[in-house]
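Asker:
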Amino acid sequence: MPELPDVEGFRRVLAEHTGEPIVSVSVLDAGVLRGVTARRLSAALRGRRFEEPRRHGKWLLAPAGGPVLLLHFGMTGSLSWHPADEPRHRHDRVVWGLRGGELRYRDMRKLQGVRLTDAERAADVLEGLGPDALRVSRGELAGLLSHRRGRLKPTLTDQSVIAGLGNLLADEICWRARISPLRTAGDLDASELAALHRAMRRVLRDSVEAERVPPRDTWLTGARDDPEGACPRCGTPLSARRLSGRTTVWCPTCQPR
DNA sequence: GTCTTTGTTGACTC
DNA sequence: TGAGTCAACAAAGA
1001 MPELPDVEGF
1011 RRVLAEHTGE
1021 PIVSVSVLDA
1031 GVLRGVTARR
1041 LSAALRGRRF
1051 EEPRRHGKWL
1061 LAPAGGPVLL
1071 LHFGMTGSLS
1081 WHPADEPRHR
1091 HDRVVWGLRG
1101 GELRYRDMRK
1111 LQGVRLTDAE
1121 RAADVLEGLG
1131 PDALRVSRGE
1141 LAGLLSHRRG
1151 RLKPTLTDQS
1161 VIAGLGNLLA
1171 DEICWRARIS
1181 PLRTAGDLDA
1191 SELAALHRAM
1201 RRVLRDSVEA
1211 ERVPPRDTWL
1221 TGARDDPEGA
1231 CPRCGTPLSA
1241 RRLSGRTTVW
1251 CPTCQPR
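The opening residue of the first sequence carries number 1001 in our numbering; numbering runs sequentially from there.
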């Protein structure tokens, strides 16, 4: 599920357990380790404590007094807190044992994974990313989209433009702003940019609060998977097509080209 | 068996 | 050089 709101939720999970000594590091599936061995990961973190974690886009950074743990959750990852005696899930890949329980990195598909860096190299990873979507001002959004010749939807999910928006959020934001995802990103006028920014803030704020993109019936997300899905706002049957390899859903009435 | 999936990367093309 | 598109990665459900 991980888009920005989900990762923000994982950040909070980790933030609740900073300052506790890391007693153990268990790599249950080394297939999620990127550029680090199980041995080195364990040696680097054991005995240290996680400090205040930071999120940028869909990346979670967990400094631990020198080493920085870098987590990305791909499409199916999560980070959650469990009592140590709770049975492991089959997709738990890495487990950090703290005093009162365990932090578990769970990921079915292993599309991304766990890295170990230091502050400097962590900055390198983030350098290729645009500003975090939650911190983009209206003026900044206008600057990011201006002169872009690509369509709006794929531009919004391009992490090097804005970090944090995924397929569902981008569709949701376009729908709420009443702008077609097929529009050319650089062609939006001032009032459309304002609407887009408002929609982005609103969708992100609500999703972060719920720690997910809420599939409520007032959201496009709640209707998008139904082949007969109708616009929650006007009832028009939704349109769908693939755009840059991702399914894109919109309302042809609310979001005319 | 087929097709799809909330993400990212590198190869390819214009 | 910049920008956009697509296959590949892996696993599971319909």
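Positions of the beta carbon are idealized from the N, C-alpha and C atoms, including for glycine.
Could you check whether V1007 and R1040 sit closer than 9 Å to each other, using their CB atoms as the reference points?
Answerer: Result no, Cβ atoms of R1040 and V1007 do not sit closer than 9 Å.
Asker: Give me the Cβ distance between P1002 and S1207, rounded to the nearest whole Å; I'm assuming they're in contact under 8 Å.
Answerer: Not a contact, Cβ separation roughly 12 Å.
Asker: So what does DSSP say about T1247, is it helix, strand or coil?
Answerer: Correct three-state label for T1247: strand.
Asker: Give the secondary structure of H1197 by DSSP, where H, G and I count as helix, E and B as strand, and everything else as coil.
Answerer: Helix, per DSSP.
Asker: Looking only at its chain, what residues have a beta carbon closer than 6 Å to the beta carbon of L1152, apart from the 5 residues adjacent to it on each side?
Answerer: The answer, listed in chain order, is P1181, R1183, A1185.
Asker: At which residues does the beta strand (DSSP E) containing A1062 begin and terminate?
Answerer: Counting along the chain, the beta strand (DSSP E) containing A1062 begins and ends at 1059-1063.
Asker: Hey, could you find the ends of the alpha helix (DSSP H) W1175 is sitting in?
Answerer: Segment 1167-1177, the alpha helix (DSSP H) holding W1175.
Asker: Work out the CA separation of G1097 and I1022 for me, nearest whole Å.
Answerer: Computed Cα separation, rounded: 6 Å.
Asker: If you measure between the beta carbons of L1116 and L1045, is that distance less than 9 Å?
Answerer: In contact: L1116 and L1045 (Cβ atoms closer than 9 Å).
Asker: With a threshold of 8 Å, are at least 3 pairs of Cβ atoms found where one atom belongs to the stretch 1019-1034 and the other to the stretch 1108-1124?
Answerer: Taking 8 Å as the limit for Cβ pairs, the verdict is that the stretch 1108-1124 does touch the stretch 1019-1034.
Asker: So, for V1249: in the same chain, excluding its five sequence neighbours on each side, which residues have a beta-carbon less than 6 Å away from its beta-carbon?
Answerer: Contacts found: D1171, R1224, L1238, A1240.
Asker: Shortest alpha-carbon distance to I1202 belongs to which of L1079, L1243, W1219?
Answerer: Residue identity check: residue 1202 is Arg in the sequence provided, not Ile. Among L1079, L1243, W1219, the Cα nearest to that of R1202 is on W1219.
Asker: Should the stretch 1115-1133 be regarded as contacting the stretch 1067-1078, the criterion being three or more beta carbon pairs within less than 8 Å?
Answerer: In short, these stretches touch, since the Cβ pair count reaches three.
Asker: Does S1244 pass the burial test, meaning 16 or more other C-beta atoms within 10 Å, or should it be called exposed?
Answerer: S1244 comes out exposed.
Asker: Residues in its own chain within less than 7 Å of E1051 by CB, not counting five upstream and five downstream?
Answerer: The answer, listed in chain order, is T1018, P1063, A1064, G1065.
Asker: With a cut-off of 8 Å on the beta carbons, I'd call S1080 and R1106 a contact; round off their distance for me.
Answerer: Sure, about 7 Å apart at Cβ, within 8 Å.
Asker: Would you mind listing the alpha helix (DSSP H) stretches within the stretch 1060-1133 that are 4+ residues and don't spill past its ends, in chain order?
Answerer: With a minimum length of 4 residues, the continuous alpha helix (DSSP H) runs that stay inside the stretch 1060-1133 are 1119-1127.
Asker: Under a three-way DSSP split, which group does P1154 fall into?
Answerer: Looking at P1154 - three-state DSSP - the assignment turns out to be helix.
Asker: Apply the 10 Å Cβ neighbour rule to R1099 and answer buried if 16 or more other Cβ atoms are within range, or exposed otherwise.
Answerer: The residue in question, R1099, is exposed, as its Cβ has fewer than 16 Cβ neighbours within 10 Å.
Asker: Assuming contact is defined by CB atoms lying nearer than 9 Å, are G1057 and A1133 in contact in what I supplied?
Answerer: Contact: yes.
Asker: So for S1024, helix, strand or coil by DSSP?
Answerer: Strand.
Asker: Is the Cβ-Cβ distance between L1141 and L1204 less than 9 Å?
Answerer: It is not a contact, given that the beta carbons lie outside the stated cut-off.
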